[in-house]
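Student:
Numbering (this note's numbering), first residue to last: 19 to 389.
1) If you follow the alpha helix (DSSP H) that residue 331 is part of, which residue opens it and which one closes it?
2) So what's residue 43 in DSSP terms, helix, strand or just coil?
3) Who are the Cβ neighbours of residue 275 in its own chain at under 6 Å, not counting the five residues just before and after it?
4) Determine, using beta carbons only, whether residue 141 and residue 190 come nearer to each other than 7 Å.
5) Given that a residue counts as buried once 16 or more other Cβ atoms are within 10 Å of its Cβ, and exposed if not, what is residue 270?
6) Whether or not the segment 218-238 and the segment 308-317 are in contact is what I'm after, with contact meaning three or more pairs of Cβ atoms, one per stretch, closer than 8 Å; do they touch?
7) Within this structure, are the beta carbons of residue 146 and residue 138 separated by less than 7 Å?
8) Write down every uninterrupted run of the beta strand (DSSP E) in the segment 90-167 whose length is 3 residues or greater and which is fully enclosed by it, in chain order.
9) Are residue 376 and residue 30 closer than 7 Å when you measure CB to CB?
10) So what does residue 344 bridge to, in DSSP terms?
11) Please state the DSSP three-state secondary structure of residue 37.
12) Please report how far the alpha carbon of residue 255 lies from the alpha carbon of residue 167, in whole angstroms.
13) Quick check on the DSSP output: the alpha helix (DSSP H) that includes residue 267 runs from which residue to which?
14) Please report the residue range of the beta strand (DSSP E) in which residue 236 lies.
15) Would you mind stating whether residue 261 and residue 286 have Cβ atoms separated by less than 7 Å?
16) Between which residues of its own chain and residue 323 is the CB-CB distance below 6 Å, once the five residues before and five after are set aside?
17) What residue range is occupied by the uninterrupted alpha helix (DSSP H) comprising residue 230?
18) Could you compute how far the alpha carbon of residue 195 sits from the alpha carbon of residue 253?
19) Which same chain residues, not among the five before or five after residue 71, have their C-beta less than 6 Å away from its C-beta?
20) Does the separation of the CB atoms of residue 363 and residue 386 fall below 7 Å?
21) Let me know the secondary structure DSSP gives residue 301 once reduced to three states.
22) Helix, strand or coil, according to DSSP, for residue 178 in the structure here?
23) Look at the alpha carbon of residue 327 and the alpha carbon of residue 321, and state the distance between them as a whole number of angstroms.
24) Does DSSP classify residue 191 as helix, strand or coil?
25) Does DSSP classify residue 355 as helix, strand or coil?
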């Protein structure tokens, strides 16, 4: 990928390396962190070099009567206006510049105190655009935004402090072909989604490959989100119990389960620490009413925690489960957690998934079996 803003825009910090060099750099970084626990080859899953990001947020920079998209600068002490962004997928790219033209041509209704625009798009060309303002939105904004929604073939949502103005719908539906089967995912404006659809499919299929090696029992999942891993993995287990703290994500997960006609999954709105307390019988939760935890025979657990990694209680809990699939967005906390997990388990496979090309960020995964 080439971009005229390499070296000034802060969103792509590895601009001075070729993409092949970036992958080697990330592979060596993660290999070094995992070396005390794993001596095998690290599997590398690459990304499209450009047009890979399905979620993006841009500041709006006001200069006189004109607005431009802007990003934080590479020095992290200001902003830089941008004229291109080749990392976003085509459904965003083809709309963002038309949107900017329309904002600048507006009498001021769309432009006045607009400070950011967020895009959420799918590989099937659906796109949700959220426009964020430092003012209350009125009927005049609604009328002009409705016309814009039709012109762009997108859904538009307006937000300001304590206000959300919905014109049509606040979600898009993605369809991904995973392990030979199509899966549909409803994705909400305020919910977490994986940013790179192509790498996301590779990541899920890697997890499926590990699940096929188990081939029995029930699956426990923590941090399940909208069911990104849950839905495809459910085909390889008798029953699945998936937990997530976000109410919006659980709503999306339930809708996605119904959309894909899956009947062996139970979702519960619990934090990871609460899941641990419930499964150890230390505490009862009203949110688990009607769910018999004793009927589950967990052979495998999948965890996909935030950058902070796993809490001590969850590590202790999953240490009793035979197989662990650990997806990590921070290889440093993954290595920290492996110091404890490898007392009871051994790492059989490890991989990196390049969700964020041209940045320092790297996702990784390990598959462990109880010793």
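Positions of the beta carbon are idealized from the N, C-alpha and C atoms, including for glycine.
These numbers were taken from a predicted model, which means no experiment stands behind them.
Tutor: Straight from the coordinates:
1) Sequence index remark: in the chain shown, residue 331 carries index 313 (1-based). Note, residue 331: alpha helix (DSSP H), 330-336.
2) Within the chain shown, residue 43 is the residue found at index 25, counting from 1. DSSP places residue 43 in helix when its eight states are reduced to three.
3) Stepping through the chain shown from its first residue, residue 275 is reached at position 257. Contacts found: 283.
4) Within the chain shown, the letter at position 123 stands for residue 141. Within the chain shown, the letter at position 172 stands for residue 190. With respect to the 7 Å criterion, residue 141 and residue 190 are not classified as neighbours on the basis of their beta carbons.
5) Taking the first residue of the chain shown as 1, we reach residue 270 at position 252. Answer is buried; the Cβ neighbour count reaches 16.
6) yes
7) Translated into positions along the chain shown, residue 146 becomes position 128. Translated into positions along the chain shown, residue 138 becomes position 120. Yes; because the gap between Cβ atoms is below 7 Å, this pair is in contact.
8) 97-99, 132-139, 145-151
9) Looking up residue 376 in the chain shown gives position 358. Looking up residue 30 in the chain shown gives position 12. Yes, these two residues count as a Cβ contact at 7 Å.
10) Numbered from its first residue, the chain shown carries residue 344 at position 326. According to DSSP, which records beta bridges pairwise, residue 344 is partnered with 321, 384.
11) As a position in the chain shown, residue 37 is number 19, starting the count at 1. Reduced to three states, the DSSP call for residue 37 is helix.
12) The residue you call residue 255 lines up with position 237 of the chain shown. The residue you call residue 167 lines up with position 149 of the chain shown. Residue 255 and residue 167: Cα-Cα distance of roughly 42 Å.
13) The count along the chain shown starts at 1 and reaches residue 267 at position 249. Its alpha helix (DSSP H) spans residues 265-277.
14) Residue mapping note: residue 236 aligns to position 218 of the chain shown, counting from 1. Looking at the DSSP string, the run of the beta strand (DSSP E) that includes residue 236 is 236-240.
15) The sequence position of residue 261 within the chain shown is 243, counting from 1. The sequence position of residue 286 within the chain shown is 268, counting from 1. Against a cut-off of 7 Å, the Cβ pair of residue 286 and residue 261 comes out as a contact.
16) In the chain shown, counting from the first residue as 1, residue 323 sits at position 305. 241.
17) Within the chain shown, the letter at position 212 stands for residue 230. For residue 230, the enclosing alpha helix (DSSP H) stretches over residues 215-232.
18) Here the question's residue 195 lines up with position 177 in the chain shown. Here the question's residue 253 lines up with position 235 in the chain shown. If you take the alpha carbons of residue 195 and residue 253, they lie about 14 Å apart.
19) By 1-based counting over the chain shown, the position of residue 71 is 53. 105, 106, 213, listed in sequence order.
20) The residue labelled residue 363 in the question sits at position 345 within the chain shown. The residue labelled residue 386 in the question sits at position 368 within the chain shown. Yes, the pair counts as a contact, with Cβ atoms nearer than the cut-off.
21) In the chain shown, the residue the question calls residue 301 occupies position 283. In the structure shown, residue 301 sits in coil (DSSP, three-state: anything other than H, G, I, E or B).
22) Taking the chain shown and counting its residues from 1, one reaches residue 178 at position 160. Residue state, collapsed to three classes: strand.
23) Start at 1 with the first residue of the chain shown, and residue 327 comes out as number 309. Start at 1 with the first residue of the chain shown, and residue 321 comes out as number 303. C-alpha separation (whole angstroms): 9 Å.
24) By one-based count along the chain shown, residue 191 stands at place 173. In the structure shown, residue 191 sits in a strand (DSSP, three-state: E or B).
25) Here residue 355 is taken as the residue at index 337 of the chain shown, counted from 1. Residue state, collapsed to three classes: helix.
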